[in-house]
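So, in structure tokens, the structure goes:
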């Protein structure tokens, strides 16, 4: 009964909730670019004010980087911590956006209404589904469904440099019975998914310097070493013909998939043709002997995320450049050790660089993969609640993305984490024209209301 | 006698001549960037006015690209055509310049005074050495030393698309007994050199498209093909471990050096340690079994002049990009056929691109190598004249750069060309902080006066 009232309230409040999200999306909180530091700060202020508006004791907490937002509200029953991030990815290439990335709007599309703008899906829209569920519950019952700690980060898209120190310093304050994380998606845009396997991430930047200045390739071409030649030779050898990564020891700690999980995934009947077809591709590019679903969920990768060197403007310039650099990242699984891998990668590069060239590395954060325990009763409760809201029954799934926070909660706060989210495969997170389906936003809020109702004792203590 | 008067006039006029050059250097005539088209036009106007000021019948001649400047003046004796180019290279990376590239100035350096600014050495400063020599001769004698056609191009740094059509359409007007070209340098910054061997140039741009939009490497990393991976794999295979270029048929038409030229070059005693040491390198990077001088003068090369793909800004972005592209150029020698090589290179790339990826090529101009005949008596006369002006005797040398105009004069106007110039190895042509030694400018003007005096009958007809 009381759940129905809250769900009805959510339906009625949707337009107002959407307006609030658009307001947050207008703040260009790009965490990786120092030029936007003050915008990250504004986003944090906005969230503090919004939480306070529903009686939550919230504050902006300084870090050496962008601030955290922490809020507490008391309640009966279990103590949950909700995590989301308010920072967003850069927007370039800007020319590929159909609208200004930070001038969000509701657009009609053949597949229904979408909220278009940077951060709509990753992660502001998802974060707000939980906040709006709490707002509706509070409006109906005058209290929160249970004891809740709100924990919002502003550095998720830039390696979370301040996260672990902050969690260590505030462990007592942050510890709860269970963490709830909303930064993932539906399986195949359709099936609600609770993530139980998350890939880790390791980022490296390589810069190779050959001559100490740009040279004329007519005058020096031949005897002078070209750093782009060195860099492409090295990166061109990162994968072999079968898609295997060639860094020594790369596959140490990469487990085979347990038979029952392999079975379960097979049952999900993943359509890799449609998945790749959506982005103009056809053939899985990973290890030759693996299924596409394994390539995303349970196999490690090496990707060159960016490369630059020499003249890249209009026309042509016969320059023999001084420098060339690349950004490389690795998605990790199982027990792969990011620190050992960074060293192994650096050594693998080092031995391939001619003595003439200078080599510099820049570390860009690292996190191991995590395997989530589903023992906490909330997982079963949530699975039922999600199955009530969505057409398909909820699945226990893997996630190709890296959400290190889940592992950190376990490591530093000894707290299990439940990851659910409402993103769709075509949300274009990290790409131009990012969007979040209005349905994801609406049913996401309703889903949180159901989950909270399922794990909380209810306003009158009974459940 | 009359030569000494002209040389004295040149010495006295040097400050005024330098002021004129600085004026020309202030015009940012970057031909490869369409944004500077009007500046190229202004540079052409400036030259027309300057030639007219010494009684030369000069005009700006339209082309589909940047205009040509053509001037005629009558005189006794042989008819020479002088060629130079008024366009310059782009200036990026701008942050590496110690002064605004188009705000030139005379600077004192440990090695003497230099004219600092884009185009000082390549080719405005060199072009003006000839013009100033004519101006001085005209001032002293009231006539020019011989019949002269001035021919200035504005597209040399962007592949000279309009040059051949213009030469064909105006062959009668442009044909002379001998072409003089000032776009080369001294050998080892010291020895006046007449170039007899010039490398050709072939430019290609490759763009590889994988997914039809930028993707999130967490969501697609593994199954989705990354175009940077494809591009680096291909370009990483451009050279083998011994520095040999791997494009099929690349070495077809590459001749072995004739014994007597090999001898002569050995006698020049090229110091490759100093040559590479000047730019922070030590080991010749070309074919393992070739001398550094061969690598520059008589061996072909493949260089990656630029590469770009994915996220290259501050920080890190785990993007799996849609596109990656590179600019590649080849220096050609002997009978290497640029057209055949372009096709062979494209096919070599094509077969390495997975069917999933789109591949686009963009041609960026091509010119064969040229071998200059030194039969014309002017060559011997010039060698003596240069030996009189400079401390070391003049050498017949090769040139690693590509000055296709020499070959074009032969092919389209059946005219031999003599290439001499006063650039030094440390002029940083095509690089930040380009400069031209004031000594190069001064002795260059004097050298032209001597050459003209040697090949012309003199004002009173005797020689």
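Protein chains in written order, with full-length UniProt numbering: chain H, 1 to 463; chain D, 1 to 463. Quick reminder that beta carbons are idealized off the backbone N, C-alpha and C, glycines included. Remember, it's a predicted structure, so these values are computed and weren't measured experimentally.
| field | Short Cβ contact (8 Å threshold) for residue 114 of chain D with residue 435 of chain D | value | yes
| message | Quick check: what's the CA-CA separation for residue 103 of chain H versus residue 21 of chain H? | response | 12 Å
| request: Less than 8 Å between the CB atoms is what I'm expecting for residue 282 of chain D and residue 356 of chain H, so what's the real figure, rounded? | output: 6 Å
| query | Under 8 Å, do residue 476 of chain H and residue 330 of chain H count as touching if we go by C-beta distance? | reply | Lying outside 1 to 463, the shown extent of chain H, residue 476 of chain H is not represented and no answer is given.
| request: Give me the Cα-Cα distance between residue 314 of chain D and residue 232 of chain H, rounded to the nearest whole angstrom. | output: 21 Å
| message | Can you tell me which residues form a DSSP beta bridge with residue 362 of chain H? | response | H:205
| query | Between the beta-carbon of residue 278 of chain D and the beta-carbon of residue 426 of chain D, is there less than 8 Å? | reply | yes
| field | Inter-residue CB distance, residue 382 of chain H and residue 194 of chain H (contact presumed, cutoff 8 Å) | value | 6 Å
| task | Tell me whether residue 153 of chain H is buried or exposed, calling it buried when 16 or more other Cβ atoms sit within 10 Å of its Cβ. | result | buried
| message | Using a 10 Å radius around the Cβ and a threshold of 16 neighbouring Cβ atoms, would you call residue 73 of chain H buried or exposed? | response | buried
| query | If the cut is a Cβ gap below 7 Å, which residues of chain H does residue 342 of chain D touch? | reply | Correct list: empty, because the minimum Cβ distance to chain H is about 14 Å.
| Through-space distance from residue 15 of chain D to residue 464 of chain D, alpha-carbon basis | Only positions 1 to 463 of chain D appear in the structure, and residue 464 of chain D is not among them; the question remains open.
| said: Please confirm whether residue 212 of chain H has its beta-carbon closer than 8 Å to some beta-carbon of chain D. | reply: yes
| said: So residue 283 of chain D contacts chain A; which residues on that side make the cut at Cβ distance below 8 Å? | reply: Absent from the structure is chain A; the protein chains it does hold are H and D.
| query | Do we get a CB-CB distance below 8 Å when we pair residue 256 of chain H with the residues of chain D? | reply | no
| Excluding sequence positions up to five away, which residues of its chain have a Cβ less than 6 Å from the Cβ of residue 462 of chain D? | Legend: pLDDT at residue 462 of chain D = 47, less than 50; position of this residue unreliable, value from coordinates given subsequently. Correct list: empty, nothing qualifies.
| task | Could you tell me whether the Cβ of residue 201 of chain D comes closer than 8 Å to any Cβ of chain H? | result | yes
| query | Using 8 Å as the limit for Cβ to Cβ distance, is residue 219 of chain D near chain H? | reply | yes
| query | Looking at C-beta atoms only, is the number of pairs between the stretch 388-404 of chain D and the stretch 182-190 of chain D that lie closer than 8 Å three or more? | reply | yes
| task | Starting from the C-beta of residue 429 of chain H, find all residues in its chain whose C-beta is less than 8 Å away, skip the five residues before and the five after it, and write them out in chain order. | result | 89, 121, 122 and 423
| field | Residue of D:310, D:334, D:454 and D:316 minimising C-alpha distance to residue 298 of chain D | value | D:334
| query | Exposed or buried, residue 246 of chain D, counting other C-beta atoms within 10 Å across all chains shown (16 or more means buried)? | reply | exposed
| request: Look up residue 295 of chain H in the DSSP assignment and say whether it is helix, strand or coil. | output: helix
| request: Measuring only between beta-carbons, confirm whether residue 36 of chain D sits less than 8 Å from chain H. | output: no
| By the criterion of Cβ-Cβ separation under 7 Å, what are the contact partners of residue 292 of chain H in chain D? | 223
| query | Taking the continuous alpha helix (DSSP H) assigned at residue 444 of chain H, which residues delimit it? | reply | 438-455
| Counting along the chain, where does the alpha helix (DSSP H) carrying residue 134 of chain H start and finish? | 124-141
| task | Report yes if the CB atom of residue 149 of chain H is closer than 8 Å to the CB atom of residue 81 of chain H, and no otherwise. | result | yes
| At a Cβ cut of 9 Å, what residues of the stretch 77-102 of chain H count as close to chain D, listed as they run along the chain? | 89, 90, 92, 93 and 96
| Per-residue burial, residue 178 of chain H [other beta carbons within 10 Å of its own, 16 or more giving buried] | buried
| Contact between the stretch 166-186 of chain H and the stretch 405-414 of chain H (3+ Cβ pairs under 8 Å) | yes
| said: Check whether chain H comes within 8 Å of residue 190 of chain D, counting only Cβ atoms and requiring the distance to be less than that. | reply: no
| field | Between the CA atoms of residue 346 of chain H and residue 220 of chain D - distance to the nearest angstrom | value | 25 Å
| query | Mind pulling the alpha helix (DSSP H) runs of 4 or more residues that sit fully within the stretch 309-352 of chain H? | reply | 338-350
| Entirely enclosed beta strand (DSSP E) segments - the stretch 42-119 of chain H, minimum 3 residues | 57-61, 68-73, 79-85, 105-109 and 112-116
| Span of the beta strand (DSSP E) holding residue 230 of chain H? | Unbroken run through residue 230 of chain H is the alpha helix (DSSP H), 227-235; no beta strand (DSSP E).
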